[in-house]
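Under the working numbering, the first residue of the sequence shown is numbered 16, with each subsequent residue one higher. Contents: one structure, followed by commentary.
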Amino acid sequence: MDELRCEIFKAKAGESTGLDKISNKLLKAAGETIIGSLSQIFNLSIDTGIFPDDLKPSLQIRGQDGLR
């Protein structure tokens, strides 16, 4: 969760969104409240190898210690 937390808070706080329609500004505001849930979702996706089709073109998986 520490790496995810770091990535959220170092991102620029702009209002533009990606495919998910969630802005960095919103992620930063909700950060500590949603960090556990986001971490579970990302880890489950990595563990099962199931990723949303829209995410696949930009997916970067780090080594074993990557997102955990």
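Using N, Cα and C, we set each Cβ at its ideal position, and we do this for glycine too.
Span separating the alpha-carbon of residue i from that of residue j
i          : j             : result
alanine 44 : isoleucine 56 : 19 angstroms
lysine 40  : serine 31     : 9 angstroms
lysine 36  : alanine 28    : 14 angstroms
8 angstroms contact criterion, which residue i and residue j should meet: CB distance rounded
i            : j                : result
glycine 51   : phenylalanine 24 : With 8 angstroms as the limit, glycine 51 and phenylalanine 24 do not qualify as a contact, their Cβ atoms being about 15 angstroms apart.
aspartate 68 : leucine 34       : The pair is not a contact, with the Cβ atoms about 10 angstroms apart (cut-off 8 angstroms).
Beta-carbon proximity list for residue i, same chain, < 6 angstroms, skipping 5 on both sides
i          : result
serine 54  : Met16 and Leu19
leucine 38 : Before going further, note that residue 38 is serine rather than leucine in the sequence given. For serine 38, where only same-chain residues beyond five positions count, the Cβ hits under 6 angstroms are Glu30 and Thr32.
alanine 26 : Asn39
leucine 42 : Ile23
Residues of its chain near residue i, where Cβ-Cβ distance is below 7 angstroms and the 5 sequence neighbours each way are ignored
i           : result
cysteine 21 : none
Could you give the uninterrupted runs of the alpha helix (DSSP H) lying entirely in the stretch 20-81, keeping only those of 4 residues or more?
-> 39-63
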